[in-house]
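As they're listed, the protein sequences go chains A, B, C, D, E, F, G and H. Sequential numbering of the first sequence, starting at 1, is according to my numbering. Sequential numbering of the second sequence, starting at 1001, is according to my numbering. Sequential numbering of the third sequence, starting at 2001, is according to my numbering. Sequential numbering of the fourth sequence, starting at 3001, is according to my numbering. Sequential numbering of the fifth sequence, starting at 4001, is according to my numbering. Sequential numbering of the sixth sequence, starting at 5001, is according to my numbering. Sequential numbering of the seventh sequence, starting at 6001, is according to my numbering. Sequential numbering of the eighth sequence, starting at 7001, is according to my numbering. Idealized CB from N, CA, C, for every residue including glycine. Data first, discussion second: the structure below is written as structure tokens.
Number of protein chains: 8
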Amino acid sequence: MQEKELEQLLGQVASGEMDLAKAKEMLLHLPYEELQFAKIDHHREMRQGVCEVIYGAGKTAKQISQILQHLLAVPGGNLLATRVEKEKAAYVQSQVPQAQYDAVSRLLYVRRKQEEKGLVLVLCAGTADLPVAEEAALTADLLGAKVQRVYDVGVAGIHRLLEQYPLLRQANVLIVVAGMEGALASVVGGLVEKPVIAVPTSVGYGASFDGLAALLAMLNSCSAGITVVNIDNGFGAGFAAANINRFMKEDESC
Amino acid sequence: MQEKELEQLLGQVASGEMDLAKAKEMLLHLPYEELQFAKIDHHREMRQGVCEVIYGAGKTAKQISQILQHLLAVPGGNLLATRVEKEKAAYVQSQVPQAQYDAVSRLLYVRRKQEEKGLVLVLCAGTADLPVAEEAALTADLLGAKVQRVYDVGVAGIHRLLEQYPLLRQANVLIVVAGMEGALASVVGGLVEKPVIAVPTSVGYGASFDGLAALLAMLNSCSAGITVVNIDNGFGAGFAAANINRFMKEDESC
Amino acid sequence: MQEKELEQLLGQVASGEMDLAKAKEMLLHLPYEELQFAKIDHHREMRQGVCEVIYGAGKTAKQISQILQHLLAVPGGNLLATRVEKEKAAYVQSQVPQAQYDAVSRLLYVRRKQEEKGLVLVLCAGTADLPVAEEAALTADLLGAKVQRVYDVGVAGIHRLLEQYPLLRQANVLIVVAGMEGALASVVGGLVEKPVIAVPTSVGYGASFDGLAALLAMLNSCSAGITVVNIDNGFGAGFAAANINRFMKEDESC
Amino acid sequence: MQEKELEQLLGQVASGEMDLAKAKEMLLHLPYEELQFAKIDHHREMRQGVCEVIYGAGKTAKQISQILQHLLAVPGGNLLATRVEKEKAAYVQSQVPQAQYDAVSRLLYVRRKQEEKGLVLVLCAGTADLPVAEEAALTADLLGAKVQRVYDVGVAGIHRLLEQYPLLRQANVLIVVAGMEGALASVVGGLVEKPVIAVPTSVGYGASFDGLAALLAMLNSCSAGITVVNIDNGFGAGFAAANINRFMKEDESC
Amino acid sequence: MQEKELEQLLGQVASGEMDLAKAKEMLLHLPYEELQFAKIDHHREMRQGVCEVIYGAGKTAKQISQILQHLLAVPGGNLLATRVEKEKAAYVQSQVPQAQYDAVSRLLYVRRKQEEKGLVLVLCAGTADLPVAEEAALTADLLGAKVQRVYDVGVAGIHRLLEQYPLLRQANVLIVVAGMEGALASVVGGLVEKPVIAVPTSVGYGASFDGLAALLAMLNSCSAGITVVNIDNGFGAGFAAANINRFMKEDESC
Amino acid sequence: MQEKELEQLLGQVASGEMDLAKAKEMLLHLPYEELQFAKIDHHREMRQGVCEVIYGAGKTAKQISQILQHLLAVPGGNLLATRVEKEKAAYVQSQVPQAQYDAVSRLLYVRRKQEEKGLVLVLCAGTADLPVAEEAALTADLLGAKVQRVYDVGVAGIHRLLEQYPLLRQANVLIVVAGMEGALASVVGGLVEKPVIAVPTSVGYGASFDGLAALLAMLNSCSAGITVVNIDNGFGAGFAAANINRFMKEDESC
Amino acid sequence: MQEKELEQLLGQVASGEMDLAKAKEMLLHLPYEELQFAKIDHHREMRQGVCEVIYGAGKTAKQISQILQHLLAVPGGNLLATRVEKEKAAYVQSQVPQAQYDAVSRLLYVRRKQEEKGLVLVLCAGTADLPVAEEAALTADLLGAKVQRVYDVGVAGIHRLLEQYPLLRQANVLIVVAGMEGALASVVGGLVEKPVIAVPTSVGYGASFDGLAALLAMLNSCSAGITVVNIDNGFGAGFAAANINRFMKEDESC
Amino acid sequence: MQEKELEQLLGQVASGEMDLAKAKEMLLHLPYEELQFAKIDHHREMRQGVCEVIYGAGKTAKQISQILQHLLAVPGGNLLATRVEKEKAAYVQSQVPQAQYDAVSRLLYVRRKQEEKGLVLVLCAGTADLPVAEEAALTADLLGAKVQRVYDVGVAGIHRLLEQYPLLRQANVLIVVAGMEGALASVVGGLVEKPVIAVPTSVGYGASFDGLAALLAMLNSCSAGITVVNIDNGFGAGFAAANINRFMKEDESC
């Protein structure tokens, strides 16, 4: 349509129907709605069609269902809806039979591609951090990364973490999920040279202030180069990790 | 320059030098740098050239001086630099003799137009709020509003405020500047029907937490429709007030 | 009544029934209850009778019902009760059949006048911000403004917002509703010259701290002249916007 | 008992059964458990037996019931249990028929004395503040004060408060209960010379942060000499006010 | 003057010079500035002329000097300026020789009356709390109270406080000044039945957060009826205490 | 197993099957997984097998059940699961009949040893602090300490605490549990010379901010040497106290 | 003196000069000032006279000097003044030649006894934590403990800490001093079974919020039984550690 | 040395001087200090010797000087000291002539290698953010990345940013530096698919609370996959970006 209008205008210029000054004027004042000409990857979805993401919180089961059906009509990558409660998921699955639901991470997804690139390692400190860790792991997986999990390696028993040292060094990107004092991120950050993404969780009580303690700790990590996402934002960490992993050199993972 | 390129392209279309498909392609993929074609009022400066604003904090005296000289080369409205310390101001004035400096509000300005439209009323609770109140008042003034000041009308002596009732009702927009518990905004908001902009100040000690107490109070005002700016942000309030005042019907001020 | 008493007193002075000293004494000690002599628009309701507002939170369905019936007995403008839960609304509607209820914004209202003055534009970043955005939009509407909605234009897909550029420039007042990082307000503020009122919402999780992140972001906006209301205070923003819009010059909306 | 031991010791000294050195030694090392000798008014209950207070929160209905029965066995003043939920109150009343329950303030009490001394005035800003205001009022009443209520006098409609000016000046002590921005305390504090006790309430939303806004506002009041109690602590304010009122000169209330 | 105008008006009514309708009109629309007719004690100064208070912070030495000279021209009570720095005080004293300066409390004052009514007891926990304690003590003294000091009775050495028990019970009002954990207020509150006013100080470091720890502790005191003022607000506590003390029955102090 | 591998390697070195350089290389690069060679007491459990601790929060009844059964298969000390809700406890008890449940502290445990070493004294301020106090007391008990409780000794009635003075001086370690203003810790800290561990609780309302007030107060205690654990962390305090008590000299308690 | 009065009273009882009832009465009403009878270790100083502590902050050089001279007049243990600035220390040393000053920890002390009991280990994460670590170390030393320092063992290089493992296991008490994210405390807590005292420091910037990040992290440590002191409170940690160390069994350290 | 000891032990095993059991015992109990056998990249320095980093804050000029000289003695990569004040830098430069100092970013460095790999783009919102932006840019540069700067592209003038769209899409990693409301990160995050690292700065006043507003905004970004570092932590962002950039596929930068 808009391409057509442009075609028309240029045709008129070519044919002399429209004089140059007017054409220039029209193009100069080209309002913002013409911006779709530019190739913005809107919603920051990955161009290779690896995955489309729906932010599930605040959407009805019906809305999620319809969006998924809409996306499934077109061939493409994996589809992912985050923060979907159990009941909503059941409804969506009744409408979209291909959809799978992971109750721990509350992710609802349709897997249409299986990629296993590089290595994203997801570590977590305690069992209570599992929902966030799984959100990170499954997100990275659906976004095309090979994912491995190293759970229950809290710093209070440092040897459990150190036993995993060789594995740590193999990862392209490491996601560290921890609540309470969030110290795991700093220790891991000191052991590897690859990018480390820290996810504070709201696990804890009292002066954890719903994850604030872990968040502040991770932001103040003495291990250089650790970056941090929002409290309980497993999705964000998985997304960022898969993103970095995707652009990494194959042979870099030793 | 870029206009020229566009002219050239259209010329080539008109002359047949460039075929339509290629022209369309080029225009379709028109990258964002072409956006200056669109008429964005950048820096949100007022189009009528009433005033150009320089955020003075973090700029050297020399930088401010050069920007002012640059702006003065072109005829236009008033020029205003905010948060300029005394020493910087002295230097700038030695370079730009037209520049005036108001030590209370730390505003440095060149007045090239005198407008006195409508009425912006600036109220403040105590004498310590004066620098912020003056920043608001002088900003609104330079932006073309008629400004009146009603100072030292804190709610602890409510009669002082009530004595100004007729004046309050005449204003197009009211700016209420108060530190400590910031109650003045609510009381004023209850007395008038015109827009009220509240400016919390960092005046106070102890549990005022550098203006947090006043800020929260103003955000929670029981008087409907009061809007709030950042702590000590006299400039923002003056700007917003002048902006509203500028678009108001003349005969509305009773 | 009280006018009568005053008349009587003056009559007695004129007739010599009351001596001057006593009359002076009585008038000097004129207690505050005589203040209703002065013309205060109490409750800051708009004098033109556009709208009466009832703060619904903390009131019983019966109380709201009675107040509405009381107000309906007198001819006048629209009536509006805020923050009314579904169940309460149902009861009120059983008693006051004219009352309409909007479940999204939780506004209960009786529309007795239809005005469509100027243009208030309500923008919101995501679908979860809708209840607050609708509270703002419907409030402004009931207070006499023509209202348009531009929803789901979060800054993560900036082109969606830019496409609305011409519409943005037409509005008299813009209300920007956003949770999470609240960045939309700053971007909109940079695109228009009309007053922008920002409403932070409690949408988000973790370090959004129930809207604190968005609130602070909006208060610190680098776009000059944005003013802010309380978290989730759609009503306050709608009220302020309608108020500014009402006093604006007709021909100002381009 | 312990008095008896002391008696015995002194008897032994008098009779020569115990030598002076040993008696001195025993008295010198008199351990702390002997402290009940001293007349401490424990629980800070009023000595005149006006009222005994039970902090109801965290106590079972049965516990409250037993304590009341125990206290009722001895003649004395009024009995008061705070923060008692409806269900608990019903049980207690089934066991202690004299007990009355006020559902608004959640106070459960047995009135055995009626005193109406001086005047404590309880003001509140909005209807949502009522539970706290009533807790203050009924507490002061049960502690022997004459109490008057002036409700719904928020500062957004300042004339409603000013109409009560003569009454304000009559009170011995004033309790100001307000949520949201808590401005009422400052205005009242500026109108009277008697002690003003401010009670912030958790009424509000968003940036009221459960009463923090009102608390900070009241602590920063520009009206000298206002004192503040904890958020929603109507009991504390009523207690303090009754306490001050009790010691005031009769003729002081003008 | 204004009394004169009223007199005149009434005279004109009496003499028939002014007709009733016009007189009624004038009195009915009596604007707010006529409010001084009513007897508001503005600045909440005490009517008996005990003391006039100047808030010194943010005022120049010259301003304070002029206000004092102005007040001294009229016979009256004591004069008090708070938060006056040493250098300012020296200047004021050079201009107002009667002025005395207390460097600890930073109070500058002129004593014109000596009253020693009742008993206000000022307690403080540590030597670092002295400036605030002295501000409270001297303020209460200048406002007409007999004041006694009990310093350095922190709860870490509870016996030091308990030794003062008889004195504690004699006071009409007790001011408790404490930084760090502010526990002293609760202990004193449990020992006496008279009003206790708690003043948190900014004494401490680290997690005292400039007095926040003490402030919160005092607001949450388990001793019923303690009221609190702002951090470091010795003046406010002294003012409130003197105010309560002034209205107390003479014979109440045992 | 790993011991075997090492044995093998050394055997090969001894037998000359492996040359020295290769053996050195293998041992030098001994990866971290060999760390279990070192004798780390993982989980910081006490080596004497006094007690094994399971953090119950976030674990299912089944998981707790299985862990307990696993641990019971091996002879050893007491077993303890913290923060176990009533329903979970019932299930576990149906599977592990030896398990006892304390509903107040929400501790589920199997007592296999009875030790009564030294003396840990647990004090609490009010009845609402009981769950935390009991968690501390029972934890210390299961970890081998003799425990005594001194409850309801809030500082508002200081004599109740002072009566326990001799007992206070007998304890090896004192745990002070208090919500609201947490002043009890400072007073106790001033009365004894033994280690004092303070536990803030979330008991309170309003400005207690879920235990923040007590936490800050305890951290700022003016009694030297008090150490603090997280809000409501009775387990942590009991653990630390039992730990200190365990290493104390027998004859030190007097 | 007071002993004398008691002697006298008992003498009068014995001689019959005072009758029993009156003596009983006098003793019963024995006011609190008699409390010095009881043997309270005031200021919580150690009874063995190991050390007397002066809180130096807020005291003048002269005051510190006089207190030290006063204490030196009596034979006894070490003397310690905390938080003494360099200039004050120089003055004190000019008056009290025996006094030594440690500029890093700002401790001023007179060593009169040398004890080296047990082992207190002080660890710190970075060189910026040194002032606090040294305050802890020197305090513990002066209070009679043998002290060893393990500095610069931040968790970003975990091997540096692990190299010290044997030493860690030898200590009676461990003090862990760390700013930024404070993770060191959790790691150390997981490696040893002895008491660990964590000291957050204000080292860091941005979201360390002057030590809040480290404080929260330490309070939320996943290593059981860690206790925490105020931010930068090296003295408190040293005091507590020496106190625990002092009562520990000799043979326990290994 | 330690390698030698191991060699010796193995030699003794081989020669039969040491029996197998003893050798096994020694190796089994191999204490942690042997951990240096393992190849940990301590200090998380990059193995390729690109850069050694010294945290300059809290170190004396002399210390920095000596460390640099020590590092320069060995051939290797670039050397970098952060947060070095001007005066310290001058001293270091007098000792280490090769050292260069950048006064804006306060980085002191020795460049021994010049690498220009990939592309790290550093964007900042305003001129006041420059010191942090430059710290990020120069750090990434010294760590081997090609760096480009896009400054002064705050969202208030969105077109300035959009003009850079093609450049944005070319970068491997983008660092977004912004104070005030930090909205730039979200807008950039929505325009590119490569990793975005956000750095909040303390630029702002009032409710920016020293960078808290920007920090919270960035953590709550609606653009998926943005990660965040501490306030003003340009170094951390530069480090992380260079790290990601280093492992990226060459051909990925389009």
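Pick out whichever of the options has its Cα sitting closest to the Cα of residue i.
i	options	result
G211 of chain A	G:G6225, G:L6219, G:A6061, G:L6107	G:L6219
H5159 of chain F	F:L5119, F:K5146, F:G5182, F:V5188	F:V5188
G236 of chain A	A:Q8, A:S208, A:A133	A:A133
Whole angstroms is fine: what's the gap from residue i's alpha carbon to residue j's?
i	j	result
G1234 of chain B	L6142 of chain G	55 Å
E955 of chain B	N2243 of chain C	An answer regarding residue 955 of chain B cannot be provided, because it is not within the stretch 1001 to 1254 covered by chain B.
A4241 of chain E	Q3114 of chain D	29 Å
A2128 of chain C	A2136 of chain C	14 Å
G2076 of chain C	A3125 of chain D	27 Å
G18 of chain A	Q2170 of chain C	Note that residue 18 of chain A is Met in the sequence shown here, rather than Gly. Using only the alpha carbons, I get a separation of about 29 Å.
G204 of chain A	A5081 of chain F	16 Å
S2065 of chain C	A2090 of chain C	11 Å
Give the C-beta separation of residue i and residue j to the nearest angstrom, bearing in mind that I take them to be a contact with Cβ-Cβ under 8 Å.
i	j	result
L3167 of chain D	Q3148 of chain D	7 Å
A3140 of chain D	V3176 of chain D	About 13 Å separates the two Cβ atoms, so there is no contact after all.
A7061 of chain H	K7088 of chain H	4 Å
L3107 of chain D	L3138 of chain D	5 Å
Which residues does DSSP list as the beta-bridge partners of residue i?
i	result
V6173 of chain G	G:V6120
A5178 of chain F	F:P5200
Y3109 of chain D	D:L3080, D:Q3100
A248 of chain A	Note that residue 248 of chain A corresponds to Met in the displayed sequence, not to Ala. Looking at the DSSP assignment, M248 of chain A forms a beta bridge with H:M7248.
R6149 of chain G	G:V6122
Output needed for residue i: all residues of its chain with C-beta closer than 6 Å, excluding positions within five of it in sequence on either side, in chain order.
i	result
Q4048 of chain E	Only weak support is given to the placement of Q4048 of chain E: the predicted model assigns it a pLDDT of 37, under 50, and the value that follows is read from those uncertain coordinates. The answer is none, since no qualifying residue turns up.
V2084 of chain C	G2056, R2106, L2108
Less than 7 Å between C-beta atoms, sequence neighbours within five positions excluded: which residues of the same chain meet that for residue i?
i	result
M3190 of chain D	Looking at the sequence provided, one finds Gly at residue 3190 of chain D rather than Met. Correct list, in chain order: S3223.
Q4093 of chain E	A4099, Y4101
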